[in-house]
Amino acid sequence: MISKEDSPTTTRAPEGGARVPKGKRRAGDVIFAGGAQGSGILILAILAGVAAFLVIQSFDSLMANTANFFTTSEWDPNVREEPAFGVAALAFGTVLAAAIALLIATPVAIGIALFIVYYAPRRVAAVLGYVVDLLAAIPSVVYGLWGIGWLVVELGPFYQILEEYLGFIPLFAGPISTTGRTMLSAGIVLAVMILPIITAMSRDVFQQVPQAHREAALALGATRWEMIRMAVIPFGRPGIIGGAMLGLGRALGETMAVAMILSPSLVISWFLLQSGNQTIAAHIALQYPEATGYGVSALIAAGLVLFAITLVVNMAARFVVSRRKEFS
Amino acid sequence: MAKRIDVSGLHVYYGDFLAVEDVSMTIEPRSVTAFIGSSGCGKSTFLRTLNRMHEVTPGARVQGKVMLDDQDIYAPDVDPVAVRREIGMVFQRPNPFPTMSIYDNVIAGAKLNNKRLSKSEADDLVERSLRGANLWDEVKDRLGKPGAGLSGGQQQRLCIARAIAVEPAVLLMDEPCSALDPISTLAIEDLISKLKESYTIVIVTHNMQQAARVSDVTAFFNLAGTGKPGKLIEMGETNKIFTKPEKKETENYITGRFG
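Chains as they are written, first to last, in this note's numbering: chain A, 1 to 328; chain B, 1001 to 1259.
Listed below in structure tokens is the structure:
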């Protein structure tokens, strides 16, 4: 006879506590779990491998460098004796180009996504959706060609207007570059490039806003725009930020389009309408074929900085999203 | 504050499909009117036409007349947004805005009407609305916390607080307790009896006991048959509907012979 204390439930957990009785292990489950786990480890290994490669390969030149790597703008590592180079101007140019792109692209992308989801007639929305996805698939070299072949020319008059009316702001001060191959041109081309990514991500989150939340706003007497501001955008915020970060990642690392458009010089310049500045990625692409001495190692050091910038930006974005986690 | 609703000859269509046929009724102010009937008989659809929320559904349209006191809410020059500010709604599932705090949820609607709400006015409104929804004592120490962190019943009362903060004349409730446990349901029912002192309340419910407990007037809807439109079968004082209904269909439904 079993007393109440000895009921089967107490005998189920042995002294170890939370040990679950072992079920049959099926081959399919084991293979799949192993495969998934392996893939997960692989991505970490690749990331660690890239980081290690960058650190080790850049070590030589950083040790030999006679200038301060972080504060110097000149790039003169292609010698065996006393190389002097720094990443200051390059890092500045990279961040500036990406920031311009993000500043232009994000509001436009949110607008397009809202139009597709909430305003456009269904057929127009479907076509627009395709076009957006198509834009994302165009290789960057094509954007670069379009940028130098057409955009910089067409933007000329616009730049003149900017300089004429907003020239008192240092950003838009003249004399404006006659070729149009400026930081602002590069930023605009980058904005066009990252626009589809941000749009697609924003569109997806806007479509996921539950009907219940939209109706809640409407039932309070919200107009459509007020409904979007009250229920849709706050709900979609993490997705918008995620999309913007993907776009920013692409803008930071974009090589071809920038290399083709920008006429480079290694200075820190806030004048967006004058030629000058350079980004890390484009600099690596242009310098690599001619690198001698400590050149290659120095370029890898610049790559390491790009890697770090991307990492920091992404972590910052994650922090922003998670700070308000309980509200989503 | 509370206003009378007068519906005459209302048909509701989804595209070409007639969903609700020829409903006429008067809903008295400062009373609770319950809509009962089996699923799919059009009572929720009809409810949503009373504040033009059905217009959110593509293809939905109505024919007929709905008067709010002496204002035709379907008159061509009437903005549906204005109608909804006067006729509030509480939904089946509690739907506080997940991105807002309890405080912000309550004043969300009021902010739309009055952009320059001062801090002290807002504080007053939040307290008054939450007290009105019998929720103040439970949340007064955590107004800054997310509304989604409350229990289901509390969330529903938060939604009621949000609705009454706009100071509507009418409150429509679409099965407000169907996602709640019995204790929370009781809290909402108590609240409904209190709210009817200042508002016109219309509640859709699947629960006949609930209709019997909270309402003064009951309207029974039914389908004429599968694929046929829903209809108002009978409407009258709740006591009478549940004891001496005039129609055989009503009697069958409330005695549990179908539905």
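Cβ atoms here follow ideal geometry from the backbone N, Cα and C, with glycine treated the same way. All figures in this text were calculated on a predicted structure; none of them were measured in a lab.
Query                                                                                                                                                                                  : Result
Are residue 251 of chain A and residue 97 of chain A close, meaning C-beta to C-beta below 8 angstroms?                                                                                : yes
Can you tell me which of the three DSSP states residue 1061 of chain B falls into?                                                                                                     : strand
Would a C-beta distance cut-off of 8 angstroms place residue 310 of chain A and residue 282 of chain A closer than the cut-off?                                                        : no
Can you give me the C-alpha to C-alpha distance between residue 1163 of chain B and residue 1239 of chain B, rounded to a whole angstrom?                                              : 29 angstroms
Cβ of residue 268 of chain A within 8 angstroms of Cβ of residue 73 of chain A?                                                                                                        : yes
Contact criterion: CB-CB distance below 8 angstroms. Does residue 216 of chain A meet it with respect to chain B?                                                                      : yes
Suppose contacts are defined by Cβ-Cβ distances below 8 angstroms. Is residue 180 of chain A in contact with residue 155 of chain A by that definition?                                : yes
Could you tell me whether the segment 1199-1214 of chain B touches the segment 1031-1051 of chain B, using the rule of 3 or more Cβ pairs below 8 angstroms?                           : yes
What residues from chain B crowd round residue 345 of chain A, counting only those whose CB sits closer than 8 angstroms?                                                              : In the structure displayed, chain A extends from 1 to 328; residue 345 of chain A sits before or after that span and is not available.
Can you name the residues of chain A whose CB is closer than 7 angstroms to the CB of residue 1176 of chain B?                                                                         : Result: empty, since nearest Cβ-Cβ is about 13 angstroms, beyond 7 angstroms.
Given this structure, state the Cα-to-Cα distance separating residue 1241 of chain B from residue 1032 of chain B, to the nearest angstrom.                                            : 14 angstroms
Threshold first: 4 residues or longer. Then list the alpha helix (DSSP H) segments lying entirely within the segment 109-191 of chain A, N to C.                                       : 122-137, 140-146 and 152-166
For residue 1053 of chain B, which residues in chain A fall below 8 angstroms Cβ to Cβ?                                                                                                : 215, 218 and 219
Just how far apart, CA to CA, sit residue 220 of chain A and residue 1214 of chain B?                                                                                                  : 24 angstroms
Consult DSSP for residue 1223 of chain B and reduce its assignment to one of helix, strand or coil.                                                                                    : strand
Mapping DSSP to helix, strand and coil, what is residue 1005 of chain B?                                                                                                               : strand
I'd like to know if residue 121 of chain A contacts chain B, where contact means its C-beta is closer than 8 angstroms to some C-beta of that chain.                                   : no
Can at least three beta-carbon pairs, one atom from the segment 1103-1115 of chain B and one from the segment 1164-1184 of chain B, be found at a separation below 8 angstroms?        : yes
Is the shortest distance between the beta-carbon of residue 1166 of chain B and the beta-carbons of chain A less than 8 angstroms?                                                     : yes
Which complete alpha helix (DSSP H) runs does the segment 1062-1106 of chain B hold, if anything under 4 residues is left out?                                                         : 1080-1086
Is the beta carbon of residue 1172 of chain B sitting closer than 8 angstroms to the one on residue 1202 of chain B?                                                                   : yes
When the cut-off is 8 angstroms and only beta carbons count, does residue 63 of chain A lie next to chain B?                                                                           : no
Going by beta carbon distance, what residues of the same chain come within less than 7 angstroms of residue 1250 of chain B, once the five residues before and after it are set aside? : 1220, 1233, 1234 and 1241
With 9 angstroms as the C-beta to C-beta threshold (strictly closer), list the residues of the segment 194-206 of chain A near chain B in chain order.                                 : none
Is it true that the CB of residue 1147 of chain B sits closer than 8 angstroms to the CB of residue 1158 of chain B?                                                                   : yes
How do the segment 1055-1066 of chain B and the segment 1098-1112 of chain B stand: do at least 3 beta-carbon pairs fall below 8 angstroms, yes or no?                                 : no
In chain B, what lies closer than 7 angstroms to residue 226 of chain A by C-beta?                                                                                                     : 1112
If you drop the 5 nearest sequence neighbours on each side, which residues of the same chain put their C-beta closer than 7 angstroms to that of residue 207 of chain A?               : 117
Measuring alpha carbon to alpha carbon, tell me which residue in B/1072, B/1098, B/1137 and B/1188 is nearest residue 1049 of chain B.                                                 : B/1072
Let me know the secondary structure DSSP gives residue 1160 of chain B once reduced to three states.                                                                                   : helix
What whole-angstrom Cβ distance do residue 190 of chain A and residue 101 of chain A have, given they're in contact under 8 angstroms?                                                 : 4 angstroms
Take the Cβ of residue 1027 of chain B as the centre, count every other Cβ of all protein chains shown within 10 Å, and call the residue buried at 16 or more, exposed below.          : buried
For a contact defined as C-beta to C-beta under 8 angstroms, what are the partners of residue 231 of chain A on chain B?                                                               : 1097
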